[in-house]
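Heads up, the sequence shown is in the working numbering, so the first residue is 7 and it goes up one at a time. We put the beta carbon where it would ideally sit given N, CA and C, even for glycine. Since this is a predicted model, take the numbers as computed values, not measurements.
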Amino acid sequence: MQTTTPQINNFAPDAPEALSFDLNGLPERVAEPDISVIIPVYNEEDSLGALFSKISQALTPLNKTWEVVLVDDGSTDRSYEKLKMLAALDPRIKVVRFVRNFGQTAAMSAGIDHAAGKIIVPMDADLQNDPADIENLLNKLDEGFDVVSGWRKQRQDELFSRLIPSWTANKIISMISGVRLHDYGCSLKAYRKEVIKGIRLYGEMHRFVPIYASWMGARITEVPVTHHARQFGQSKYGIERTIKVILDLMTVKFLSSYATKPIYIFGSFGLWSFIASFVGLAWMLVLKYGYNTTFIETPLPIMVSMCFMLGVQFILMGLMAEVLMRTYHESQDKRIYIVKSVLNTETDPKRS
């Protein structure tokens, strides 16, 4: 049963205890809510009060049960103190605290592990995503889709440092992955629980979750969402992030095509190296016996030797990768983060 939702005002920067809420009754925490909102937090102390107020205002009229999983990714400001205050006011707020900064992907993965909702909605903590758009994402899920991605059609970011690198990266990702979305970088998305639970994320791969979901046969679409200019703090992203995204995309492409059979890609390079070696050897013999050109007069012997050795190395690397992949699939499940403490959660991520 949904009860009165506390009305939480934004924290004043110099007075984090300045809260006001309705004492007519605290909302109940549901074991399996309809919606889990996941929010990585890193040095966002000035945004948290307003953020939760906006989420509450957006989700309460939907007549659905919900929770918010806030992951403190090693913040060095007073973010965790404010998260504790929010968790004390509303049992639907779960707080997961890292021992240090592990990055947005690890924080997103921890949020997914601790989320109990049937629908999982990740978003940013900097107030640039609008919680009011969650309703549109949910409506699209009701049409039969499994993943709905937000599209910041009118982004409030700088052209050269953010927009152009983002447009370029999105085009490349869509072309290589085959999952065509306009805005992979938008954190605001909605997933059905069954297509996201169990996904293991590394590097900067949180933005590639729709690609992972597509491997499982998920139906994917996108809807335009509102994008606000940052109000507090500084952006944690720069143009160098595009380079990391491209490198992670190479990993995703490799995993999608060769994860279970890495010998195919390494073996292919090895075989082509062997072919190049034998072609060079044949040409050496033609020059020797057809044109009286000795072996030492050309660089072909060095090229033949190098190509042959590279071929052997690639084949051996492929075999080693095969062994590693089999070890990986049979090894124990290990997380990429370390949790320092949790609030308002009884979920054991290893059992979920």
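Using a threshold of 8 Å, state whether the C-beta atoms of residue i and residue j are closer than that.
i           : j           : result
residue 258 : residue 181 : no
residue 111 : residue 261 : no
residue 101 : residue 78  : yes
residue 277 : residue 289 : no
residue 54  : residue 92  : yes
residue 125 : residue 196 : yes
residue 98  : residue 147 : no
residue 83  : residue 107 : no
residue 364 : residue 230 : Residue 364 cannot be examined here, being either before or after the span of the chain that is shown, 7 to 358.
residue 64  : residue 137 : yes
residue 217 : residue 114 : no
residue 310 : residue 325 : no
residue 72  : residue 156 : no
Between which two residues does the alpha helix (DSSP H) carrying residue i extend?
i           : result
residue 149 : Careful: residue 149 lies outside any alpha helix (DSSP H) and carries neither H nor E.
residue 119 : 110-120
residue 347 : It is not in any alpha helix (DSSP H) - residue 347 instead sits in the beta strand (DSSP E) that spans 345-349.
residue 56  : 54-65
residue 87  : 85-95
residue 287 : 269-296
residue 175 : 170-183
Residue i by DSSP, collapsed to three states: which one?
i           : result
residue 369 : A query on residue 369 cannot be resolved here, the shown segment of the chain reaching from 7 to 358 and no further.
residue 227 : strand
residue 28  : Bear in mind that a pLDDT of 44 at residue 28, under 50, signals an unreliable position, so the number given afterwards is only what the model happens to contain. Three-state DSSP puts residue 28 in coil, outside helix and strand.
residue 44  : strand
residue 135 : strand
residue 205 : coil
residue 16  : Confidence at residue 16 is low in this model, with a pLDDT of 47, below 50, so its placement is unreliable and the value that follows should be read with caution. Residue 16: coil per DSSP, three-state reduction.
residue 318 : helix
residue 219 : helix
residue 197 : strand
residue 188 : coil
residue 212 : helix
residue 10  : Because the pLDDT of residue 10 is 49, which lies under 50, any placement of that residue in the model is unreliable, and the number read from its coordinates should be weighed accordingly. In the structure shown, residue 10 sits in coil (DSSP, three-state: anything other than H, G, I, E or B).
Can you tell me whether residue i is buried or exposed, with buried defined as 16 or more other CB within 10 angstroms of its CB?
i           : result
residue 351 : buried
residue 131 : buried
residue 174 : exposed
residue 149 : exposed
residue 253 : exposed
residue 301 : exposed
residue 329 : exposed
residue 135 : buried
residue 184 : exposed
residue 234 : exposed
residue 347 : exposed
residue 145 : exposed
residue 61  : buried
residue 203 : exposed
residue 213 : buried
residue 367 : No statement about residue 367 is possible, as the shown extent of the chain runs from 7 to 358 and does not include it.
residue 29  : With a pLDDT of only 37 at residue 29, under 50, the local geometry of the prediction cannot be trusted, and no value is derived from it.
Taking the beta strand (DSSP E) that residue i falls in, what are its first and last residues?
i           : result
residue 104 : 99-104
residue 128 : 125-128
residue 74  : 72-78
Cβ pair count under 8 Å reaching 3, the segment 285-295 against the segment 322-333: no
Segment contact flag, the segment 315-332 with the segment 296-305, C-beta cutoff 8 Å, min 3 pairs: no
Inter-stretch contact (C-beta, 8 Å, three-pair minimum) for the segment 222-237 and the segment 270-283: no
Validate contact between the segment 56-71 and the segment 39-48 using beta carbons, cut 8 Å, 3 pairs: yes
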